[in-house]
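These notes are about the structure you will find just below.
Okay, here's the thing in structure tokens:
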């Protein structure tokens, strides 16, 4: 089997067997890859985060500074809203890759067989109905249920034990299955009475316990089985789908090119412009471990698939351009030659482009990047005008002509949909359900030499470059309290037929004004359960290696750059004293939000409490509460108003002696 970059030398570094890993293991793996000579590193694994200066982002950036082109899957938490990319996707020079939908939806559909009176076997396809997947693989006689029967089953039905029953797909499904089970049926095939209705993979909530296998088949196959049963005894053999032969099918995708619904959104909590671009990541036919899937292939989706595809593109572009392209140039080549896509809200395409925070530069165009003679250069993946409090009035990029002829370039802009990242209730907008978009874009002005306008033209001689200054004015009448994100692309079109674009973004409002933690965000857990009443806990003996059952959980509504958690003694009259120290391990930098449900999240938001303080001493036995303070993004640590606070309930501690 050939991948997207035939003959590329590959190395693989496993960092976990469970899907959960700590940052040090990931860092060790990518630096081993570098030590082994890797010039391109693709990571489909990351951890919750959100800053350009977090541990993983810094590690990835160091590799980029050493000459490695680093590709990182953006993550699959797009439904939770903005700021959802994985670390290290926010590193300044990392190529962060989102997922886009393919032209087609590939399907691997399981195949079964039937035979009449011991004759030749005829194959047919079946679609699993979860959780009833346990076909036996043994030949079983087919019993055809009369398709005209509605409501309750006829009393004269024979015992259906040991048979595969062919039945119309009746609603409500659990009740229909219960009725068939009462006649002994445990393995069934079902079909839709509407011949135009194609089968699909399906699931049934709370099916009868005795029904072990159910699959859907095409109406035409059901008709063939019914006719066959009239001419003889039909024996059907169905293996569990994971062990069955598969047939490859394709169906047209109704949203080709759209950013996949699950693809994580930027920006970072320090408002860096990411993702860089998108690659096809939904749905893809890929290899799979034969221990899990006997055929060795499966259909999957996620940025874990789009990122390696972009890594392959990087290898091809590198080869086409002579064998070496530095990381900054590679990022600029890929991003500026990507193609921006229309916004898709899950139901239909908009007539406006999706925000840059969802798609970066757009869908990759490998050939154009490989043979480009025009380069756009800027710091990072695009132009970032920041938020209202930290706005940058003018940014600059350069246009380089590496070709052999002079080229005249026209520079203009194309706006994307503007989006409110927060709801009217000040919560982060989930996507697409609560994302409100606005048909208003920023106004850009371009300056080159003495010319300054919304659209300019200039010539660049062969092997020369010219600088362009860009000034942005945010759209009018936006509700800045909801942190409006406006974005788009600087379009650069050359007289040689070249067509490039450079993403830009800015924000109306201040991220500093949005709380990172609510008053009830801090909770005590005991054996993983939330503590709801004042309790005295017995902790392991001081200096014991025994793990405590008591822990502190912090459910941040946004990522917080700095978090403190202090033990505060409480007197019998419920008055508080001065803090005696912080929970061991605090202060914590770069705490991610708790909006995602990734299993990796717990290690960053849950903290075991054995009574040890940050000083190494132990809190005396007594009554306490934990006071958690989280610094807002862009906040000043010396300003009390820039900290959000949450307190746990009171609790007592004593130690095993």
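Numbering (UniProt numbering), first residue to last: 1 to 657.
A virtual CB, placed ideally from N, CA and C, is assigned to each residue, including glycine.
Since we're looking at a predicted model, the values are computed, not measured.
In chain order, what residues of the same chain lie with their CB nearer than 7 Å to the CB of residue 431, ignoring the 5 residues before and after it? Excluding residues within five positions, the ones whose Cβ falls inside 7 Å are 78, 79, 81, 265.
Spatial neighbours of residue 257 within its chain, please: C-beta separation below 7 Å, excluding the five flanking residues on both sides. Closer than 7 Å at the Cβ level, and outside the excluded window around residue 257, lie 100, 101, 341, 363.
Below 8 Å between beta carbons: does that hold for residue 366 and residue 325? The Cβ atoms of residue 366 and residue 325 lie no closer than 8 Å to each other.
Does the segment 346 to 354 touch the segment 457 to 474, meaning 3 or more C-beta pairs lie closer than 8 Å? Fewer than three beta-carbon pairs drawn from the segment 457 to 474 and the segment 346 to 354 are found closer than 8 Å, and the two stretches are therefore not classed as touching.
Given residue 89 as reference, the closest of 339, 437, 277 once Cα atoms are compared: Of 339, 437, 277, the residue nearest in Cα terms is 277.
Within 10 Å of its beta-carbon, does residue 482 have 16 or more other beta-carbons around it, so buried, or fewer, so exposed? Here residue 482 is buried: its Cβ has 16 or more other Cβ atoms, across all protein chains shown, within 10 Å.
From residue 167 to residue 589, what distance separates their C-alpha atoms? Spanning the two alpha carbons is a distance of roughly 59 Å.
Closest by C-alpha distance to residue 334, when choosing among 345, 347, 315, 87: Shortest Cα-Cα distance from residue 334 to any of 345, 347, 315, 87 involves 315.
Host beta strand (DSSP E) of residue 464 (start-end): Segment 464 to 473, the beta strand (DSSP E) holding residue 464.
Whole alpha helix (DSSP H) elements within the segment 486 to 535, 4-residue minimum: Within the segment 486 to 535, no complete alpha helix (DSSP H) run reaches 4 residues.
I need the DSSP call for residue 183, collapsed to helix, strand or coil. Note: residue 183 maps to coil in three-state DSSP.
Take residue 27 and list the residues in its own chain whose beta-carbon comes closer than 6 Å to its own, dropping the five residues that flank it on each side. Contacts found: 59.
Is it the case that the Cβ atoms of residue 165 and residue 177 are separated by a distance below 8 Å? The Cβ atoms of residue 165 and residue 177 do not sit closer than 8 Å to each other.
Report the rounded CA-to-CA distance for residue 145 versus residue 185, giving the unit in angstroms. Rounded to the nearest whole angstrom, the CA to CA distance from residue 145 to residue 185 is 11 Å.
Counted within 10 angstroms of its Cβ, other Cβ atoms place residue 231 as buried (16 or more) or exposed: It is exposed - the Cβ of residue 231 has fewer than 16 other Cβ atoms within 10 Å.
For residue 111, which three-state DSSP category applies? Residue 111 falls in the strand class under three-state DSSP.
Which one of 238, 273, 216 has the shortest CA to CA distance from residue 95? Taking only the C-alpha atoms, the option nearest residue 95 is 273.
Residue 239 beta carbon near the ligand GDP (any heavy atom closer than 7 Å): Although the ligand GDP was asked about, the structure shown includes no ligands whatsoever.
Is the distance from the Cβ of residue 492 to the Cβ of residue 411 below 8 Å? Contact flag set, yes.
With residue 564 and residue 587 assumed to form a contact (beta carbons below 8 Å), what rounded beta-carbon distance in angstroms separates them? Between residue 564 and residue 587, the beta carbon gap of about 5 Å places them in contact (Cβ cut-off 8 Å).
Continuous beta strand (DSSP E) assignments of at least 3 residues falling wholly in the segment 90 to 145: For the segment 90 to 145, whole beta strand (DSSP E) runs of length 3 or above, ordered along the chain, are 95 to 101, 104 to 116, 122 to 133, 140 to 144.
Starting from the C-beta of residue 469, find all residues in its chain whose C-beta is less than 6 Å away, skip the five residues before and the five after it, and write them out in chain order. By the criterion of a C-beta distance shorter than 6 Å, residue 469 is surrounded in its chain by 394, 396, 447, once the five residues flanking it on both sides are discounted.
Would DSSP call residue 431 helix, strand or coil? It is coil, neither helix nor strand.
Contiguous alpha helix (DSSP H) assignments of at least 4 residues, all confined to the segment 6 to 55: As far as the segment 6 to 55 is concerned, its whole alpha helix (DSSP H) runs of at least 4 residues are 23 to 35.
Taking Cβ positions, are residue 214 and residue 190 nearer each other than 8 Å? Here residue 214 is near residue 190, since their CB atoms are less than 8 Å apart.
Quick check on residue 425: buried or exposed, where buried means 16 or more other Cβ atoms within 10 Å of its Cβ? Residue 425 should be labelled exposed.
Residue ranges of each beta strand (DSSP E) run of no fewer than 3 residues wholly in the segment 181 to 241, ordered along the chain? Runs of the beta strand (DSSP E) inside the segment 181 to 241: 187 to 191, 213 to 216, 234 to 237.
Among all the DSSP beta bridges, which residues are the ones paired with residue 568? Listed as beta-bridge partners of residue 568 by DSSP are 625.
Figure out for me which residue from 486, 445, 269 has the closest Cα to the Cα of residue 438. Selected option, being the one with the closest Cα: 486.
In the structure shown, what three-state DSSP assignment does residue 300 receive? Correct three-state label for residue 300: strand.
So if DSSP puts residue 73 in a beta bridge, which residue, or which two residues, is it bridged to? 97, per the DSSP bridge assignment.
At what residues does the beta strand (DSSP E) containing residue 591 begin and finish? Segment 588 to 591, the beta strand (DSSP E) holding residue 591.
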